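*Asks:* Have a look at this one before I ask anything.
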């Protein structure tokens, strides 16, 4: 191979390889932490609010007895700014509820994996505020429920593994708090 | 500020690694071409990265990071250990490495400067053969002969100093130590430094290193630039003086003489470098003429490619 051809191939391969290596390195945290590209793990609710432009008073006040699980505050920017936060009843307890809110439109499946629901009913949370409640059993036999409602463009959902009556109480408090 | 510092470290590492691979895999050995490539690697974190901050502040927003970037530091935020992010640990470790590299080169230089302060030097007459040698070398390089100064010292001293009008400083010990052809080669080497205003380049490099003291790639690229400047002078000396063997022999003699600390700080241009680097220079001289320079477009192509890659890399 002549010097010129060798230099050409070297430049192309090295620059292409560099771009590929950077892209692979960028994907590494996603592989290790199961966090897909585009999803951010936030350190605090305030950071999540600034990233998504959503107000999360409903978590601070509506879900007050529950504690945010460290490292569980996730946001995505596309297709709509959306937040997901897992909460539990006390230190060391298993996560009981995950709160989702999208600024506009449906909550993307990238942040809320679909549940294989076996039952879906409509429930009223407040006058003129209907919500859909879906129930699903997981592989380990546990029962999970998704309660979802919208307020204009904004969609909110709770994924819950406790008693249904408590889920509805929480949802009504969130609707009362408003934002 | 910390993010900007981390970005210069990241960009510097990417640029330095890419340039190193291109030089090695492309078997580019011509010192002038290598010097340009290393200057490119040095210029990326020093000039290009700050330019990105000024012209494209939107590079740091989430949309750019998620949709466009090749690598974004924010994507590493889930990797944490006891609340300390992996990215922060990585950046701090690199900053520490950079600082140590800077100190390693700065301290001997500062010590020499301190030792020199207030010391009066006895000057000697410039030997006629040295004047003639400098004039011949300058004529062959197409420049005017630089001024010569000779110190009365048994230590061999040879250095090109002065920012505006470079002066070649030598010693009587040098004339005694080197054979005539070796002296010609050594003087030709320094005349090349004077012609290229290398003392000024050396100070600019030092200032850049001081500003980016935390950046390991800046420290290593600056060393590589200095090394290629020396190789360029070696090559010029070999082409105009008595041949590469004379330059190689004078290098070896001055390197070994340099072990018993000489008194001028700038003498580093000859033997302050690591012995391995000097041995590499000797070997390059003895191996014969370097290959033909790489095609002209390789440098601009690398610069454009690196520019795009670094634009898409956000700390």
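Protein chains in written order, with the numbering used here: chain A, 207 to 385; chain B, 92 to 406.
Even glycine gets a Cβ: it sits at the ideal position worked out from N, Cα and C.
None of these values were measured; they are calculated from a predicted model.
Around the Cβ of residue 298/B, are there at least 16 other Cβ atoms within 10 angstroms (buried) or fewer (exposed)?
*Replies:* exposed
*Asks:* Could you say which of 246/B, 222/B and 116/B lies nearest to residue 235/B if we only look at CA atoms?
*Replies:* Minimum Cα distance to residue 235/B is reached at 222/B.
*Asks:* Could you tell me how far apart the beta carbons of residue 257/B and residue 290/B are, in whole angstroms, since I believe they sit closer than 8 angstroms?
*Replies:* 5 angstroms
*Asks:* Could you spell out the range, first to last residue, of the beta strand (DSSP E) harbouring residue 245/A?
*Replies:* 245-247
*Asks:* Confirm, please, whether the CB-CB distance from residue 109/B to residue 221/A is below 9 angstroms.
*Replies:* yes
*Asks:* Report back the beta-carbon spacing between residue 268/B and residue 232/B to the nearest angstrom; my notes put them in contact at under 8 angstroms.
*Replies:* Residue 268/B to residue 232/B, Cβ: 24 angstroms. No contact.
*Asks:* Check residue 331/A in the structure and name its three-state DSSP category.
*Replies:* strand
*Asks:* Going by DSSP, what residue range makes up the alpha helix (DSSP H) through residue 147/B?
*Replies:* No alpha helix (DSSP H) holds residue 147/B; DSSP gives it neither H nor E.
*Asks:* Mind the definition here: the stretch 270-283 of chain B touches the stretch 329-342 of chain B only if three or more C-beta pairs lie below 8 angstroms; say whether that holds.
*Replies:* yes
*Asks:* Please list, in chain order, the chain B residues whose beta carbon lies closer than 8 angstroms to that of residue 307/A.
*Replies:* Neighbours of residue 307/A on chain B: none; closest Cβ ~17 angstroms, over 8 angstroms.
*Asks:* Closer than 6 angstroms by C-beta to residue 262/A: which residues in its own chain qualify, once you throw out the five before and the five after it? Chain order, please.
*Replies:* 251 and 255
*Asks:* According to DSSP, is residue 280/A part of a helix, a strand, or is it coil?
*Replies:* In the structure shown, residue 280/A adopts extended strand secondary structure according to DSSP, grouped into three states.
*Asks:* Along chain B, in chain order, which residues have C-beta atoms closer than 7 angstroms to that of residue 220/A?
*Replies:* 109, 112, 113 and 116
*Asks:* Jot down the residue ranges of each uninterrupted beta strand (DSSP E) in the stretch 230-302 of chain B, minimum 3 residues, whole runs only, in chain order.
*Replies:* Listed in chain order, they are 238-242, 249-252 and 258-262.
*Asks:* Inspect the beta-carbon positions of residue 406/B and residue 164/B and report whether they are closer than 9 angstroms.
*Replies:* yes
*Asks:* Given 8 angstroms as the limit, is there contact between the stretch 303-312 of chain B and the stretch 123-142 of chain B, that is, 3 or more CB pairs closer than that?
*Replies:* In short, these stretches touch, since the Cβ pair count reaches three.
*Asks:* Checking contacts by CB at 9 angstroms: is residue 378/B closer than that to chain A?
*Replies:* Residue 378/B does not count as touching chain A.
*Asks:* Let me check understanding here. Comparing Cα to Cα, which of 124/B, 394/B, 167/B and 325/B lies closest to residue 237/A?
*Replies:* 167/B
*Asks:* Determine the chain B residues that contact residue 275/A at a beta-carbon separation under 9 angstroms, and present them in chain order.
*Replies:* The contacting residues do not exist; residue 275/A stays about 14 angstroms from chain B at best.
*Asks:* Quick check on residue 215/A: does DSSP put it in helix, strand or coil?
*Replies:* Residue 215/A falls in the helix class under three-state DSSP.
*Asks:* Whose CA, out of 338/B, 92/B and 200/B, lies closest to the CA of residue 294/B?
*Replies:* It is 200/B whose Cα lies nearest to the Cα of residue 294/B.
*Asks:* Might you give, ordered along the chain, the residues of its own chain that have their beta carbon closer than 6 angstroms to the beta carbon of residue 268/A, omitting 5 neighbours on each side?
*Replies:* 379, 380 and 383
*Asks:* Distance, Cα to Cα, residue 241/B vs residue 250/B?
*Replies:* 11 angstroms
*Asks:* Contact defined as beta carbons within less than 8 angstroms: I believe residue 244/B pairs with residue 224/B. What is the distance between those atoms, to the nearest angstrom?
*Replies:* Wrong, their Cβ atoms sit about 19 angstroms apart, outside the cutoff.
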